[in-house]
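A quick write-up on the structure given underneath.
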Amino acid sequence: MLSRLARALLAAFGWRVEFDGLPGPKGILIVYPHTSNWDFVLGLLAKWAIDLPIRWVGKESLFRGLTGATLGRLMRAWGGRPVDRHSASGAVEQLARLMQSEDWFWLGLSPEGTRKRQDHLRSGFYHLALKLDVPVGLAYIDYARRTIGVREFVRMSGDAERDLARLRAFYADKVGRRPGQASTIAFREK
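Numbering (numbering that gives the first Met the number 0), first residue to last: 0 to 189.
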């Protein structure tokens, strides 16, 4: 029922979903570019349209305080898990343990970590993919083509520059709602 409703809503607004299935029981979906609050709404509709229990991480403030009191339970029911974006709190280790403890676990996240333009991506997805040796699905919300999809899955090699070059090539023609807000596909210099 929810799947049909989500597909109907997306179609009514001129959006389509491109998805051919997942390559296995575990992995990470990175969504890029993330430039608008509408990305969350469209992403949830796509998640429901393809009827997969993909889990996702979002900023901690969505799950606590006034927003959390009213929406936190709903966010969790929709597969959300809070993450502190400003702390080296061992989020990768926590997520790794969680993913290892279950037979089926796909995690969705935005490596930008924000809707504002940044000069780098957050690298947690990369370290998690390497640690668990799971595929990374390249997900997108392309406003120019009104398409939401996951069309390619890659394994991270450990050569960050080579892996980031693959991401840059794939996402080169994907357009966010606010194109100037898309972050640079690079990791922070150490």
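Every residue gets a Cβ at the ideal spot worked out from N, C-alpha and C, and that includes glycine. Predicted model only: the values in this text are computed from it and were never measured.
- Distance from G179 to G26 at the Cβ level is roughly 30 Å; contact not present, criterion being Cβ atoms closer than 8 Å.
- Going by DSSP, Y125 is part of the alpha helix (DSSP H) stretching over G123 to L131.
- Put simply, of T34, A95 and R80 the residue whose alpha carbon is nearest the alpha carbon of G123 is A95.
- Rounded to the nearest angstrom, the gap between the Cα atoms of R6 and V40 is 13 Å.
- The criterion of a C-beta distance shorter than 7 Å is satisfied by W37 and R176.
- For the 7 Å CB-CB criterion, D132 and V174 do not form a contact.
- One alpha carbon belongs to R3, the other to A11, and they sit about 12 Å apart.
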